[in-house]
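Novice:
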Amino acid sequence: GLTTEEVAERRSNGYDPRSVIEASPELAQAVAAISSGVFSPDDPERYRDLMNGLYQSDWFMVAADFDAYAATQRDVDAVWRNSPDWYAKAIRNVARVGWFSSDRTIRQYAKEIWNVPV
10 GLTTEEVAER RSNGYDPRSV IEASPELAQA VAAISSGVFS PDDPERYRDL MNGLYQSDWF
70 MVAADFDAYA ATQRDVDAVW RNSPDWYAKA IRNVARVGWF SSDRTIRQYA KEIWNVPV
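Under our numbering, the first residue of the sequence shown carries the number 10, and numbering increases by one thereafter.
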């Protein structure tokens, strides 16, 4: 996904989520499916506000991150099909999780992304 600097740059240059969605065939297809009500046949309008928010503001830049996310997910899918490689990566991932702490993460987000005092 985007770095903190890239988010700031896009915001200062006038981020247009609609053009980002339209430029990504995979994202446009997903958004069209959600908007059509295919995932909520009992309430086809269920995700209308969500989709409007995505097209109009997308503050969290979900659309801008989508293609990178989808590419990474395809990479993950490929590793998943190779069990020994998957197991090795899973073990390394768990071993490195000690660095993660919600307190540290929230402080970092507050400073670098949300620009609020902690």
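Just so you know, even glycine gets a beta-carbon here, dropped at the ideal spot from N, CA and C.
Being a predicted model, the structure only gives us computed values, none of them experimental.
Using 8 Å for Cβ pairs, my map puts R116 next to V127. What's the rounded Cβ distance?
Specialist: Yes, R116 and V127 are in contact; Cβ-Cβ is about 5 Å, under 8 Å.
Novice: Rank A41, E121, K98, L36 by C-alpha distance to the C-alpha of F75 and give the top, closest one.
Specialist: Comparing Cα-Cα distances from F75 to each of A41, E121, K98, L36, the minimum goes to L36.
Novice: With F75 as the anchor, note down where its alpha helix (DSSP H) starts and where it stops.
Specialist: Run containing F75: 71-89, per the alpha helix (DSSP H) assignment.
Novice: What do you reckon, are the CB atoms on A104 and G10 nearer than 8 Å?
Specialist: Not in contact: A104 and G10 (Cβ atoms no closer than 8 Å).
Novice: Between the C-alpha atoms of N108 and V85, what's the straight-line distance to the nearest angstrom?
Specialist: What sits at residue 108 in the sequence shown is Trp, not Asn. Distance between the alpha carbons of W108 and V85 is about 22 Å.
Novice: Express the C-alpha separation of A39 and R55 in angstroms, rounding to a whole number.
Specialist: Their backbone Cα atoms lie some 15 Å apart in a straight line.
Novice: Name the residue from M70, G62, I30 whose alpha carbon lies nearest to the alpha carbon of E15.
Specialist: Selected option, being the one with the closest Cα: M70.
Novice: If I'm right that P53 touches G46 with Cβ under 8 Å, what's the distance once you round it to whole angstroms?
Specialist: Indeed they touch by this definition, with Cβ atoms about 3 Å apart.
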